[in-house]
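**Student:** Right, I'll just put the structure down here and ask away after.
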Amino acid sequence: MLDAGDPAPDFDLDGTAGAGVGSYRLSAASEQVPVVVAFYTEDFAPACTTYLEALRDTEWGSLTDAIAVFGVAPGTLDDHRAFAADLDLPFPLLVDHAGVDAQFGVQRPDGTTRRSAFLVDERCRVQFAWADDPERSPDAPPDVGPVQDAVASL
Numbered sequence: 044m045l046d047a048g049d050p051a052p053d054f055d056l057d058g059t060a061g062a063g064v065g066s067y068r069l070s071a072a073s074e075q076v077p078v079v080v081a082f083y084t085e086d087f088a089p090a091c092t093t094y095l096e097a098l099r100d101t102e103w104g105s106l107t108d109a110i111a112v113f114g115v116a117p118g119t120l121d122d123h124r125a126f127a128a129d130l131d132l133p134f135p136l137l138v139d140h141a142g143v144d145a146q147f148g149v150q151r152p153d154g155t156t157r158r159s160a161f162l163v164d165e166r167c168r169v170q171f172a173w174a175d176d177p178e179r180s181p182d183a184p185p186d187v188g189p190v191q192d193a194v195a196s197l
């Protein structure tokens with residue numbers, strides 16, 4: 044798994060943009076504002092729902108002046124769009140069809156993606172990395188407090 048100080052692998056991924064489709068490049072976004080890249084396992088899984096709800100419900104504006112959040116998981120754009128609409132997410136869900144999770148070091152041996160988050164700065168470097176405890180029940184809500192603390196310390 045990447046750690047603070049490591050270069051973040053750049054990516055170009057399609058994702059949700061309201062009812063439409065957007066194209067997202069990490070380096071372009073991080074040049075504008077810090078980016079939280081939040082990997083999750085799959086759409087509609089209870090543990091991923093609670094994870095994305097925790098990110099949705101975070102008062103980012105109270106932690107920093109500006110931030111972008113990208114949810115990233117394998118799947119289809121249609122499923123991501125339905126999941127984002129179901130959760131009323133204010134951030135896009137990107138389709139990881141290029142193995143970006145493996146580049147960040149959060150792909151499990153069985154090919155699934157570990158719930159994790161990376162805070163990426165304007166130089167496209169990782170400022171903070173967090174992954175859910177593998178010993179924790181997959182249905183337990185993740186503790187995103189460390190991610191929020193890292194954003195607040197910018």
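If you use our numbering, the sequence shown corresponds to residues 44 to 197, in order. Ideal Cβ placement from N, Cα and C applies to all residues, glycine included.
1. With a cut-off of 8 Å on the beta carbons, I'd call S159 and F82 a contact; round off their distance for me.
2. What is the residue span of the beta strand (DSSP E) that D55 lies within?
3. So does the stretch 178 to 187 actually touch the stretch 91 to 101, counting three or more Cβ pairs closer than 8 Å?
4. Excluding the 5 residues flanking T107 on each side, which residues of the same chain have their C-beta closer than 8 Å to its C-beta?
5. Quick test of your reading: Q151 and R157, contact by CB under 8 Å. State the CB separation rounded to the nearest angstrom.
6. Along the chain, which unbroken stretches of the alpha helix (DSSP H) at least 4 residues long are found entirely within the stretch 107 to 169?
**Tutor:** In short, the structure shows the following:
1. 5 Å
2. D55 to A60
3. yes
4. P77, V194, A195 and L197
5. For clarity, residue 151 is Arg in the given sequence; the question names Gln instead. Going by Cβ atoms, the distance from R151 to R157 rounds to 6 Å, so yes, they are a contact pair.
6. 120 to 130 and 143 to 146
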